[in-house]
Every structure is written in structure tokens, then in C-alpha cells.
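Engineer: Residue numbers (my numbering): 42 to 616.
#1: Between residue 614 and residue 380, what straight-line distance do the alpha-carbon atoms span, to the nearest angstrom?
#2: Please report the distance separating the alpha-carbon of residue 53 from that of residue 122.
#3: Could you give the DSSP three-state label for residue 369: helix, strand or coil?
#4: Pull up the CB-CB distance for residue 604 and residue 527, whole angstroms please, since I reckon it's below 8 angstroms.
#5: Would you mind sorting residue 466 into buried or exposed? The rule is 16 or more other CB atoms within 10 Å of its CB.
#6: Go to residue 79, then tell me how far its alpha helix (DSSP H) extends in each direction, as first and last residue.
#7: Could you give the DSSP three-state label for residue 59: helix, strand or coil?
#8: Among the candidates 47, 87, 274, whose CA atom is the shortest distance from the CA of residue 68?
#9: If we count the other Cβ atoms within 10 Å of its Cβ and call it buried at 16 or more, is residue 512 buried or exposed?
#10: Taking the alpha-carbon positions, what's the residue 42 to residue 146 distance?
#11: Does DSSP classify residue 309 as helix, strand or coil?
#12: If the criterion is Cβ atoms closer than 9 angstroms, does the pair residue 240 and residue 252 meet it?
#13: When the Cα of residue 224 is compared with those of 232, 517, 217, which residue comes out closest?
#14: Taking only beta-carbon atoms, is residue 252 less than 9 angstroms away from chain C?
#15: So residue 492 packs on residue 531, CB below 8 angstroms; how close in whole Å?
#16: Go through its chain and collect everything with a Cβ distance to residue 612's Cβ below 8 angstroms, but skip five positions before and after it.
#17: Beta strand (DSSP E) containing residue 220: first to last residue?
#18: Looking at C-alpha atoms only, which residue of 244, 188, 151, 229 is the closest neighbour of residue 172?
#19: Where does the unbroken alpha helix (DSSP H) through residue 323 begin, and where does it stop?
#20: DSSP state of residue 141, grouped into three classes?
#21: Rank 331, 310, 342 by C-alpha distance to the C-alpha of residue 321 and give the top, closest one.
#22: Can the beta-carbon of residue 281 be found less than 9 angstroms from the beta-carbon of residue 376?
#23: Does DSSP classify residue 374 as helix, strand or coil?
#24: How long is the line joining the alpha carbons of residue 33 and residue 299, rounded to whole angstroms?
#25: Closer than 8 angstroms by C-beta to residue 222: which residues in its own chain qualify, once you throw out the five before and the five after it? Chain order, please.
#26: So within the segment 245-311, which uninterrupted beta strand (DSSP E) runs reach at least 3 residues, ignoring any that extend past its ends?
#27: What are the start and end residues of the alpha helix (DSSP H) that includes residue 527?
#28: Confirm, please, whether the CB-CB distance from residue 308 to residue 296 is below 9 angstroms.
#29: Rounded to a whole number of angstroms, what is the C-alpha to C-alpha distance between residue 272 and residue 524?
#30: If you run the structure through DSSP and keep just helix, strand and coil, what is residue 506?
#31: Would you kindly report the start and end of the unbroken beta strand (DSSP E) that includes residue 24?
#32: Grab me the residues of residue 132's own chain with a C-beta within less than 8 angstroms of its C-beta, minus the 5 sequence neighbours each way, in chain order.
#33: According to DSSP, which residues form a beta bridge with residue 240?
#34: Determine the DSSP secondary structure at residue 358, reduced to helix, strand or coil.
#35: Give the straight-line distance between the Cα atoms of residue 129 and residue 180, rounded to the nearest whole angstrom.
#36: Does residue 188 come out as helix, strand or coil in the three-state DSSP assignment?
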């Protein structure tokens, strides 16, 4: 009753690694572990005081200090008067049992927390267990499926051939996996992937089955989308070619095969350069290579080569494919054979050229006729006045002849400039400086400026642009004179600029009478003018010069209020 050991059996000697004579007489606490929870120790002590038998899992300690779990049951020895005279303890090392139990608990938790449906059935096909993912997938509340036949989860739409296949697998006890159809509690049918294996007893006989399934609705949807996209690429009328990061062809659609005369098998694995002609300018090829290094999309016109060696023009658009890390893994190119389009463009261009020439000839005839008529009339008057004393009228007639001759000379000069424009000599320079120089000249000439106010709001610093100084001065001169004429000498002309995304944008805006929408559409046409005294070639020449500078010009106008010209130049050195 004081806890001193009086006897030990052989199993105890073996369990605790003590001989019996070494334990006899020692206090039972020699076998206690300090790792037992205080709460458990307290409960067991209270039971001892009350003389109540008990059993529990406790931690014991071997002679070598090793702590192990044991199942321990105690009962009390009483004398004839019922007084406790001693205690009997029966213990069992449950280390292996605990490991097995912990393993089972872990496996159970693993099954319960799995993202796939995991269920088990007996040999009659009744559900024994199903995890949370399974209940959620089939739309059942917890516990409702246990005991029900597994066929409640199967669709009636499963083909008979698949049912026969599964029955045969079950008969042989073979594992299997298939794509089939499941049925939710609300009757909804959906595609699932299902794998099954069989549970065997110690005699090797089947005692049940385990099934693992997952909803593949999204996967099937993705597969269908991918198939649709593949069919779309394959049936496209444009050639579509994909390449790996080394430039080798990975795929080509039917339109591409037809366009180049190769089969896909002949091209896959070959460098895409096999399709390009040697006639392509080096500058373009260099630009494509540079864009490819930077994975920047590229589009433009190239000359490609057919399998038979013939060449043809194409329009190529190339973009790049990236992996999950954002690294380039290949490219995809869309190719259009533009042979017919080029022929149509040439035909249209020829037609427009003849039309333009006819309009120019008519315009020239009209423009030249007016000053010539004035000159002829003036000369006739002078001829009739032969022998008379020169007077003011004769001087006025002479001025008319000189003025109309100058006008005729300007018309012919503008025409020659338009029909035979000089190639610009592009050099880097400060465009702001040229603008200010031209404006300064105009400001000093009161005949040109009259009472108009010229407001200057240029972007700070230098505007480093490639340009031909003389030609750009001509552009500025024409646009500023047009603006001054539009305000009738008493309005305001604003010249402003700013830099945006590597572009220098110049605005020339007046608050004059504006231009109607019909005239605005024809503003850059040769010999079209909104002024009676204009030749109609000024803005046409401006447009040609701007185009030759790889720049852009646009115009906006609000009739009765304002007109605004915008010039957009690529910067030589973007800030």
C-alpha cells in the first residue's frame, strides 16, 4: 500500500529491462516518467486514495531511461475485512500500437483533407465512408451517403460498354481508372475521373473497394476550348507559324503549308529563315532580329520564298510566347500573302496618279490662265498707248505685269517643287531654335503679321530632331502664313509644343474662321484651296515634306472658331 514493489513477472522484467531482484523492494515510482501530464497524475492519485481501480495510457521509463507508452490497469488487494493491503498492476507496451494508431489517424486526416473525393464501399457496393471533398463534389450533407449504394453517384448515361468493362475488372479484382459521368444529389450530370482498387482481408479475399474521383468539368471545358482554338488556327485563311526560342519551326497550319508549298513534316524542326527571301533589305532583317532579342512584337512587309524558289510579298505580324517565369519560350507569326493586294494597290495608285495628273494639268491651266490674261491685257493697253507720254496709268499697268509675272513664277515654282520634290538632307538639330527663328522674321514684317498676336509656348530645352533646315523652314512659313491669313491680321496665333513618349509634338493654332468639314477632308490635295488667290499647292508641299521626314501632320478645325495643325516628329534623343 506504500508503493513498494513486492513481485515482478518475467514479462515486466523484459518490458522494463530490470531483473526482478533489482526491482523488488524499490518504490514503484522508479518506473514512472516525468513526462506524464500533471492532470493525469492527479486523477490517478485521487483514484488510489479512493481505492478505485483504473486503466489508462501512461508513459513509463525503462532502466536505460527510455520513455515509452504503456497501457496500465490497476486493482487492489484487500484482506478479509476489506482493507487494502496491496496493489496489482497489469501493463502492456503499446509503442507499436500507438504508432499504428497515429498512422491511422494521420491517414484518416489525410483522406479527410484531400481535395479529391475518396470513398470506400463494402462488397455489396454500399458506401462505408466518404470524405468532405466527396460530399461537396456530389452535393450531399455530411453523413447522408454512408450506407447508401454507390450507384446513387453514377449517371444513367454511362455507356453499356463502359459498364461491362468495369464489371469485368471487378470480377477479376483488378484496379482501374476511367473517365465517366457522375451524378449530384440535385440530378446534375458532370464528367469525373475515377480510379478504383480493392481491399483484401488476411486470406486475400476481397472485402471492399476504394474509389478516388475528381470533377473534371473545368478540364473538359479547357480541353474543348483548346481543341476549338487548334481547329481555329488550322482552318484560318492566314498562315500561322510557331517557333521555339531558337527560331526553329514547331507548328504550321494548313494555310501556311499551302502558302509556302511545304508539308508540316518538312518544316517542323527547320529554321524559319528557310521561308525568307534574300531580297529582304538588311536594315529590315536587322530590325526584326533586334526586336526578337527584346521580345517586342513586330509587323511589316517582307518578301518570302515558296518551296519552288519563287518569291512573293507578305505582311508579317510576330508576337512572343512566355513561360510562367516571364521568360521568352517562342514566337507565333501570322502571315498574309499580299501579292493580289499589292497588284490592286499598284492599279489603284496608277489610276490615282493619272487622275492627279489630270487634276494638276487642269489646275495649272486655270492658275496660269488668270495671270497670263492680266499680262496680255496689260501689254495690249501699253501697245495701244505707244507714242503717248508715260503717265501713272502706264506705271500701274507695268506694276500689274510685274506682279502677275511674279505670281506666275511662284505657281510654276510650287508646281516644280510638288512634282519633283528634293530628298531632305536630314541632320540632327534643335527644332525649337528653327521655330523661333522663323517666328522672329514674321514678327518683324508688319505687312505679314499686321495686328495679329503670335504667342509662343514651346517645350523647355532643346528639341533634338532629324530635319532638313530649309524644308522645315518652308513648312513653318506656309503654316504660319496660313494661320495669319485665317485671322485676317487681328486675331491670335499660338505656337506650342510638348514632348511625349519619345515624340516632339508641335501645334500651330489660330482663332480664325476655321475650315468646314468638306474642305477639311481635301486640305492636303494639290490645287485645292479655300482662298481665291491661293494656288492650292502650299499644304500639299507641306504634307510631302513632313512625310519625307518620317513625321506626321494632322489638322483639326471648328468652323467660325479655330484651326489647329499638329506636327509630330520622332525625337533624336528621347529625354
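Glycine residues also receive a C-beta, built at the ideal position from the N, C-alpha and C atoms.
Structural biologist: On the basis of the data shown:
#1: Residue placement at residue 614 is poorly supported in this model, since its pLDDT is 48, which falls under 50; the coordinates still yield a value, given next. C-alpha separation (whole angstroms): 38 angstroms.
#2: 30 angstroms
#3: strand
#4: 6 angstroms
#5: exposed
#6: 79-91
#7: coil
#8: 47
#9: buried
#10: 39 angstroms
#11: coil
#12: no
#13: 232
#14: The structure shown has no chain C; it contains just one protein chain.
#15: 5 angstroms
#16: 504, 505, 506, 540, 543, 544, 545
#17: 217-224
#18: 151
#19: 323-335
#20: helix
#21: 342
#22: yes
#23: strand
#24: Because the chain in this structure spans residues 42 to 616, residue 33 falls outside the shown range and cannot be described.
#25: 195, 196, 198, 199, 230, 231, 232, 233
#26: 247-256, 280-285, 290-293
#27: 510-527
#28: no
#29: 58 angstroms
#30: strand
#31: Missing from the structure shown is residue 24; the chain here goes from 42 to 616 and no further.
#32: 53, 56, 101, 111, 112, 113, 114
#33: 249
#34: strand
#35: 55 angstroms
#36: coil
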